[in-house]
Amino acid sequence: MPTMTLADLTGQMKHALEQARAIAKKAEDEDRDFTPEEAGQLREHMAKATEAKSQIEAAKGNDELRKTLADLGDDIALNAKTDDDGQRRTASGFELPDRQKSVGQQFTESAEYKALMATAPSGTFGQKQRVQSGLAGFKSLVTGGSDTSAGAFVVPDQLGLQVGLDAFQRPLRVRDVVTNGTTTSDTVEYVRMTSITNAAAPVAEATTSAAPTAPGGAGALVNAAGGGYKPESALAAARVTATVKTIAHWIPVTKRALSDAAQIRTLIDAFLRYGLEEELEDQMIQGDATGENFEGLGNVSGVQAQAWDTNEFTTTRKAKTKVRTVGRSIPNAYLFNPADVETMDLKQDNEGRYYFGGPSGVGTASVLWGLPVIETEAVPAGTGYVGDFRKAILWDREQATIQMTDSHLDFFVRNLVAILAEMRAAFGVVQPNAFVEIDLTA
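In this text, residue positions in the sequence shown follow the working numbering: the first is 59, and each later residue adds one.
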């Protein structure tokens with residue numbers, strides 16, 4: 059293998075840096091995180107650039123190396139520096155995105171928020187301001203002085219507020235089992251499979267060129283001996299349009315409370331953003347397709363039904379079979395209300411022994427009939443779902459966006475600010491019969 063010259067190594071490094079920059083710039087322009095594929099490509103390009111840099115360094119002095127990097131325009135982070143705002147940039151001014159920050163942290167570290175805070179070093183604001191950040195309720199007024207409001211949030215460690223808000227939150231896991239996609243449109247058209255008729259069968263060779271008989275309806279053959287007719291199958295589909303919906307809520311805060319960046323960051327991450335995701339999960343299951351509601355799984359025509367049969371375990375097992383035989387799909391999860399999970403956990407045999415190990419066992423919270431169990435309050439008590447949730451799709455149109463303004467009502471003269479969080483998404487079920495709604499009521 060021929061030895062690579064300095065020019066070859068320099069070209070190799072430049073190519074790798076340019077490829078890495080293109081990936082990072084695309085994600086930055088689209089205001090999103092790297093996809094797993096992009097992250098892998100970025101690591102690969104940076105590894106190649108670093109290896110070429112090491113070989114160049116071994117071949118010539120550091121002064122010449124620095125000149126070579128400068129000539130390349132410092133395309134990516136090999137010599138990046140952190141500026142006064144805490145943002146890492148290359149010598150050419152390219153801003154390196156930090157993908158490890160939360161939505162709230164990105165908001166409070168934004169240039170707009172810092173500019174607002176600069177006008178109020180002591181918590182007093184003198185002019186109308188608006189802060190908007192494209193980064194990612196309850197209506198009681200949050201104040202900075204009261205011990206029963208934002209004043210209670212002023213603790214030595216931010217963890218105290220986080221734990222307090224956790225008490226009002228539930229685990230959100232439905233997004234984890236459905237197919238997650240993105241869209242750049244306000245409507246999504248997709249094909250929903252409604253039925254399939256497979257009439258495939260062995261067919262004898264034709265014994266005559268004449269057509270003594272003709273195929274009957276629904277693929278059947280009428281007196282077709284010798285005709286060599288092939289059976290006809292059927293596939294029924296419908297074009298469905300899912301409209302992107304906006305989910306939003308806001309809270310009022312005083313400008314004194316606003317001056318505490320740690321408090322605002324935690325409110326955004328632990329309350330506002332969480333609230334959007336909770337409503338999103340409710341909509342995916344219970345949305346009734348009216349007004350601005352999703353068409354949730356519980357209201358999609360064509361979803362199979364499993365009536366109560368003997369007990370919870372028999373009923374849920376038969377529902378799983380329907381997904382496999384009627385829906386011709388591989389189920390990947392059960393969804394139950396926590397009350398129904400409790401009922402199954404407390405089931406005992408005739409000798410008073412718990413089926414799932416009782417207090418010392420793991421219960422049904424982990425697995426039922428070989429499938430993971432997801433507890434969610436989005437599913438009403440007495441009802442459950444099983445299915446191939448990969449055939450339900452959530453399209454993200456706009457992830458969590460945070461805006462802040464004092465222009466709402468008389469907020470300006472009262473030193474109040476409204477913090478608004480919103481997101482946009484659409485939801486659709488591609489194959490309804492791949493899901494079964496389970497009646498858990500005896």
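All C-beta atoms, glycine included, are put in the ideal place defined by N, C-alpha and C.
From a predicted model like this one, the values you see are computed outputs, not experimental measurements.
The beta carbon of Val488 lies closer than 8 Å to those of Tyr248, Val249, Arg250, Met251, Lys449, Ala450, Ile451 in the same chain, with the five residues before and after it left out.
When DSSP states are grouped into helix, strand and coil, Gly345 belongs to the coil group.
Judged by DSSP secondary structure, Val381 falls within the alpha helix (DSSP H) whose first and last residues are 370-383. For Ile309, the uninterrupted beta strand (DSSP E) segment begins and ends at 303-312.
Between the segment 224-240 and the segment 468-479 there are fewer than three inter-stretch CB-CB distances shorter than 8 Å, so the stretches are not counted as touching.
Distance from Ile322 to Leu316 at the Cβ level is roughly 6 Å; contact confirmed, criterion being Cβ atoms closer than 8 Å. In the three-state reduction of the DSSP assignment, Pro389 falls in the coil class, being assigned neither a helical nor a strand state. Closest by C-alpha distance to Thr374, out of Gln113, Ser359, Tyr392, is Tyr392.
Judged by their CB atoms, Val437 and Pro389 are not nearer to each other than the 8 Å cut-off. Minimum Cα-Cα distance from Thr304 among the listed residues Thr383, Asp454, Ser387 corresponds to Asp454. In the DSSP assignment, Glu495 is bridged to Ala363, Tyr443. Looking at the DSSP output, Arg482 shares a beta bridge with Thr304, Glu456. The Cβ atoms of Gln70 and His103 do not sit closer than 8 Å to each other. The Cβ atoms of Ile326 and Phe92 do not sit closer than 8 Å to each other. Residue range 64-87 is occupied by the alpha helix (DSSP H) that includes Gly69.
Assigned with DSSP and collapsed to three states, Pro417 falls in helix. Only residues of its own chain outside the window of five on either side were considered, and among them His103, Lys106, Ala107 have a CB closer than 6 Å to the CB of Ala74, listed in chain order. Counting along the chain, the unbroken alpha helix (DSSP H) around Pro396 starts and ends at 396-403.
Secondary structure note for Arg231: it is in no beta strand (DSSP E), with a DSSP letter that is neither H nor E. Annotation for Ile254: the continuous beta strand (DSSP E) segment containing it runs 245-255. In this structure, Gln362 sits near Gly385, with a CB-CB distance shorter than 8 Å.
A Cβ-Cβ separation of about 6 Å places Phe485 in contact with Ala300 under the 8 Å criterion. Val494 places its beta carbon 8 Å or farther from that of Val358. With contacts defined by Cβ atoms closer than 8 Å, Pro396 and Glu433 form a contacting pair. Secondary structure at Arg448: helix, using DSSP grouped into helix, strand and coil.
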